[in-house]
Structure formats: C-alpha cells, structure tokens
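Chains B and G are the protein sequences, given in the same order.
This note's numbering numbers the first residue of the first sequence as -17 and each following residue consecutively.
This note's numbering numbers the first residue of the second sequence as -17 and each following residue consecutively.
2 protein chains.
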Amino acid sequence: MDILVVGSVALDSIQTPSGKREEVLGGSATYFSIAASFFNKVDIIATVGEDFPKNYITLFKNRKIGTSGLEICKGKTFRWKGVYSDDLNTAHTIYTHLNVFKDFKPEVPRNLRNSEFIFLANIDPDLQYDVLRQVKKPRLVACDSMNYWIEHKRDALERLLDKVDILLLNDAEARQFSGESNIMKAAKLIVSRGPKAVVIKRGEHGVLCFSKDSYFAAPAYPLGSVFDPTGAGDTFAGGMMGFLSRAKKINDSSIRKGIIYGSIMASFAVEDFSVNKLLEISLNDIAGRFNHFKRITRF
Amino acid sequence: MDILVVGSVALDSIQTPSGKREEVLGGSATYFSIAASFFNKVDIIATVGEDFPKNYITLFKNRKIGTSGLEICKGKTFRWKGVYSDDLNTAHTIYTHLNVFKDFKPEVPRNLRNSEFIFLANIDPDLQYDVLRQVKKPRLVACDSMNYWIEHKRDALERLLDKVDILLLNDAEARQFSGESNIMKAAKLIVSRGPKAVVIKRGEHGVLCFSKDSYFAAPAYPLGSVFDPTGAGDTFAGGMMGFLSRAKKINDSSIRKGIIYGSIMASFAVEDFSVNKLLEISLNDIAGRFNHFKRITRF
C-alpha cells in the first residue's frame, strides 16, 4: 500500500503577520509526504539542487520517507519567496526561482512502479500524466492543479482527469475550470469530466466533496491562531491519502474520514512555519483532534 | 412558549442575476415570523403605513402569526431597493425609505408581555433594549445587529448584550465588534461581553456557534441555485428560535439542532424571491432537508 507523490521540494522564504523565515524546507511533495508519513510509507519523486541541505534529506529518512526518487541535480534548488496579507488569505509572490525544477522530468524508479496510492501535486499536467504512465496499476490517484494550468494547459489537464480518482481544487479553481459560479453546479460539471470525486478546499471555510452520488461538507478545524498557511493544501492531501492507504475499502465513508484527517493535518501545519509543527506532533495529537472534530460537528 | 419578534415589515424591490421584483413583502420580522411559524405561534412587533397591502396582513393571519403588535401608522411603509452582485455576496442599496419606520417606538401589547422567546431583529439597540424592558420574564433572548450600530451605538449595544442569550452576527460584524481578525478569538471576546452564545453566520460557508464551553461548526445546506439572498439571516433566526421554542431544554444540543433548522429554513428562503418559497413548503420538506443535512455531514 505504498504512497507515491510527485511534486516539488523547495526552499521557502516566508513572511506572515506572525514573523518571517528564510530558506526553510517547503514544496508540495515535502508537505504531502510528511503528513502522509504518519499513516504509511511514502516515496517522493522530485528534484533538488546540489545546495539542498543534507539535514533535510536526513529529516525525510528519519520519517521513513523514501528518497530514491529525489534526484539531486547540478544547480540550485527551487526557491519561492512570499508575503502573506494580514488576513492570511493571499500570498504575494516576491520571487519564484524554478532553478533545477525548470527541467524536472519525473522518473519513477523501477521499484516504485507498483505504488498503489499516487498523489500528483500541482505541476504541469503533462508531467503528471507522464508519472501515471510509469506506474503500473494504481489503486487510487489524486491530483492537484491550479489556475495557471487550467488556463494554459486545459487539454492536457482534461486528458489527465480521465485517469484521476480524486481531483483537489480550491473554490476559485473549481469555478474557473467549470465556468460555473455556483459551487454545486461547478462540482457536478467537473465530476462529469472524469474524476470520481472532486474535493474543494476552502481554507478556513472547510472542505466540500462531490462524487456522482454523494455530497459531503465539513467545516475547517477551528484554530485560535494561524502562523503560516503555506503547504496547507498539500498537507491536507497527505493526511487524506495517508488515511486512505490504510483503509480497508476506498468508498464514500473512508473518503469522508480521509477528508477529516486531511483537515486535521492541515490544521497542525499552519500552526508554525514550514513543517515545524508536523515534526512535533504524535499520532495521539491527531487522534485527539479527530475526536474533537466529531464533537464540534455533531448535532 | 410564544415567540415574539420585533423588527421591520417592509416592501422590498430587489434585483438579482435571476430577475427582479418590485415592492414585494420583506423585512426582518416578516422573514423571521414566517420561518418560525412552522414551529410555533409567533407575534410581530412592527409598524407599517396605511399603504401596506391588506393581503399581506391576511398572509400573516393565515399562518397564525399574531399582528396585534403590528401598528398601522399614518404614512408609507418602509421601503428598500437593492441590486445584488453576480455572486450574490453583496447588495448595493438603491434607496432606503424609512417612512413610518423612522418613528418606530416598539410597544409590546399587554397580552404579549409574557412571551418567552424573544427575537430582537436588527434595529437600534436602544429600541431593542426597550422591548426587553417591556417583556416580563423571557426564557430566551436572541438578538441581531449590524455594522452601523456597532460603530455608532456601541454603548447601547453593550448594555443590551448583558441581557441577550444568543447574539447573531456575520463574520465581518464579529470581527468589527471584537477588533480581532481571527474568528475564534473574536467569538471568545464577544462571549465575554455578556451573551451566552454567539452565532456567526457565514452565508454559503455555514454557521459557527461559540459559547463559554462549547463550539459548533456547520456547513451551509448545499444549493444548486440561489435566487435571492434577502432575508436569509432573519429566516435562519426564525428557524432556530422556532425549533428552540419547542425543545424540552435549551442547551448546547438543542441550540445545535436549532442552528441546523435555521440553516434549512434559510436554504428554502433563498430559492425564490421574497417569502414565496417559504409559503410553498411543508413540514415534510423541512424534515427531508434535516435528514439530508445529517447524511451530508456524517463521517
């Protein structure tokens, strides 16, 4: 039941109302894999430069996150710098240096081609498709995307969606992809294009999940303070896929629980910069928030 | 267990992306009382002008909504005209003609002073206070307010809050009242100022409820189309108070159910202009959505 993630491993410089950090560990594959590692074995397909700090590789290894697919290339690691608005709802990008990520051609090592749970983090849909081509018989494929690909690589994205079980988008992306402003109509249209389910992430407003014959709505886990929202969506996906990789069956019921575990992992992630909080918590902390989540939503 | 509402009865002219209506029945006390009338006997304290259509009075009477406190004054009825944005999130006011509402001094008729469930719809907090002074021993007082009173009549609002059990606000009002941008912190501060609970209405994002020792989060009931959001908040309050007036106990559990019934009543209200949809539905329709709400939130 191994989990495979393709995405970015990056060095982030971040400023939020709570403070700032320079060149800390970031990237979609990083957040995803650390969240998923609480539940199962995860392997990363990504690329970093020769300047990537060795202690971060050690960090992955200590969490039993497989790095055989993490290529170390000549050049520098992907870097992003962003400043968040006071309400944390928007990130203003100061710079994006793709560096070695610019020529990223994901190669799935032979021993990982039997991976059953695949997460295609937000990269060029042609690369996402290429990864799927390399894996043999995935049991569950989840995929993230963004406004840029919806606008500029629509055809590639549509081709991919036919092979995706769960598509993750935020509100605005779902509206953009579907051309529908009503989120129910938007979701229905997306599900008609291939994915079995679409999970719509709404940040502090929670998550909606639509499939052909089910609908699920969950609020966000309540937090008294948010330090840094970077990586929340990928952490969510890591919690969800991690839980699903341990579930007996992939069905409406386990997807709902997966969404709650995803929300909980994201709620931890945003409580500190980078992946710091995720490295501090235990399975007990996760179980505690799961039980609390039940209590605060019961009626 | 009678319910009493003080607020406005108005003639609304409304334009939304779905169409427009001229001088249709509106006002906070109208939406509240029609929603609450599915659960219990309601009485209105409000004022209208001599031009108020008789068939609207008949409409109230047919639903056993008491109109002994609905004063018909010399002059014209309160009128509001608004145009909604394409996403229905903001209403641009074309005009507000207070007319007879300008000199509204709520008088609670003697036979209604024993009312146990009081809803103070959004009017001047001094008038809301005055109504409370006239009722003898209310079992539950809920209160709505708005940015204008928070800014201009802060002291009057604070004096009132001491006598309020449930305060209803939207996100922005909760942040404005508390000066806190984090909604959890905002809610905690509000609850420390008097009300036993604060219910934060977030429109399509659902409802949060905070009290000293409990927290509840509910998504909104999913709708494929929204015709007219006018009155959604007051309809919500009507459903909530209606349900609570029938509950054996007022406690965390019944307030949660009340919030769900409120959300359901609001979900009907926005599916047509004015109160049209509320006049069409049955208790069966409400029970159907309640069961559906359970199914779509269970995990």
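The C-beta atom is built at its ideal place from N, Cα and C for all residues, glycine as well.
Just the C-alpha distance for residue i and residue j, rounded to the nearest angstrom, thanks.
i, j, result
"Y111(B)", "I100(B)", "12 angstroms"
"L114(B)", "Y243(G)", "46 angstroms"
"L102(B)", "F198(B)", "23 angstroms"
"G48(B)", "T40(B)", "11 angstroms"
"F21(B)", "S227(B)", "8 angstroms"
"S193(B)", "D234(B)", "9 angstroms"
"K167(G)", "G206(B)", "6 angstroms"
"K81(B)", "G57(B)", "Note on identity: in this sequence residue 81(B) is Asn, with Lys being the wrong assignment. N81(B) and G57(B): Cα-Cα distance of roughly 7 angstroms."
"N93(B)", "C125(B)", "22 angstroms"
"A219(B)", "S174(B)", "22 angstroms"
"A154(B)", "I172(B)", "13 angstroms"
"A251(B)", "F14(B)", "11 angstroms"
"A340(B)", "S(-5)(B)", "With chain B covering only -17 through 281, there is no way to say anything about residue 340(B)."
"F34(G)", "T(-2)(G)", "24 angstroms"
"P201(G)", "F275(B)", "13 angstroms"
"D135(B)", "P107(B)", "In the sequence as displayed, the identity of residue 135(B) is Lys instead of Asp. Cα-Cα distance, rounded: 7 angstroms."
"A269(G)", "N71(B)", "37 angstroms"
"D254(G)", "S10(G)", "16 angstroms"
"L190(G)", "K119(G)", "28 angstroms"
"F281(G)", "K239(B)", "6 angstroms"
"T75(B)", "E4(B)", "14 angstroms"
"A156(B)", "D195(G)", "37 angstroms"
Cβ of residue i less than 8 angstroms from any chain G Cβ?
i, result
"S249(B)", "no"
"I242(B)", "yes"
"H187(B)", "yes"
"A200(B)", "yes"
"D210(B)", "no"
"G259(B)", "The sequence given here places Lys at residue 259(B); Gly does not occur at that position. It does not; no Cβ of chain G falls within 8 angstroms."
"S207(B)", "yes"
"K178(B)", "no"
"D69(B)", "yes"
"S0(B)", "no"
"R228(B)", "no"
"R271(B)", "no"
"R184(B)", "yes"
Kindly say whether residue i, judged by its beta-carbon, lies nearer than 8 angstroms to any beta-carbon of chain B.
i, result
"G224(G)", "no"
"Y197(G)", "yes"
"F281(G)", "yes"
"K239(G)", "yes"
"D33(G)", "no"
"N37(G)", "no"
"I278(G)", "yes"
"K167(G)", "yes"
"P204(G)", "yes"
"N164(G)", "yes"
"R175(G)", "no"
Taking the alpha carbon of residue i as the reference point, which residue from the options has its own alpha carbon closest?
i, options, result
"T12(G)", "Y38(G), K63(G), T(-2)(G), I(-4)(G)", "Y38(G)"
"M247(B)", "D(-6)(B), N93(B), K259(B)", "K259(B)"
"L122(B)", "I54(B), K230(B), R3(B), F86(B)", "K230(B)"
"K46(B)", "A156(B), S19(B), F34(B)", "S19(B)"
"R61(B)", "C55(B), I54(B), G8(B)", "G8(B)"
"D147(B)", "I237(B), G(-11)(B), A17(B), G51(B)", "I237(B)"
"S127(B)", "K118(B), L(-14)(B), Q116(B), I105(B)", "I105(B)"
"R271(B)", "A214(B), F281(B), Y203(B)", "Y203(B)"
"Q116(B)", "E98(B), Y130(B), E133(B), I132(B)", "E98(B)"
"D216(B)", "P107(B), S245(B), D137(B)", "S245(B)"
"D68(G)", "S163(B), V65(B), L151(B)", "S163(B)"
"G64(B)", "I232(B), S249(B), L151(B), K2(B)", "K2(B)"
"G51(G)", "Y77(G), L(-14)(G), K36(G), D137(G)", "L(-14)(G)"
"A17(B)", "I232(B), G221(B), K170(B)", "G221(B)"
"E53(B)", "E89(B), E133(B), N273(B), T78(B)", "E89(B)"
Considering only DSSP beta bridges, list what residue i is partnered with.
i, result
"L149(B)", "C125(B), V180(B)"
"D144(G)", "DSSP output for D144(G) lists no bridge partner at all."
"T78(G)", "W62(G)"
"Y203(G)", "BP columns for Y203(G) are empty, so no partner."
"F99(B)", "I(-15)(B), L122(B)"
"S196(G)", "S193(G)"
"Q(-3)(B)", "K2(B), V65(B)"
"V24(B)", "I(-15)(B), I47(B)"
"L70(B)", "Paired residues: none, contrary to the question."
"E53(B)", "T29(B)"
"G8(B)", "A(-8)(B)"
Check: Touch check for the region 136 to 143 of chain G and the region 250 to 268 of chain G: three-plus C-beta pairs under 8 angstroms?
Finding: no
Check: So, do the region 204 to 224 of chain G and the region 159 to 178 of chain G have three or more beta carbon pairs nearer to each other than 8 angstroms?
Finding: no
Check: With a cut-off of 8 angstroms, do at least 3 Cβ pairs link the region 24 to 35 of chain G to the region 73 to 92 of chain G?
Finding: yes
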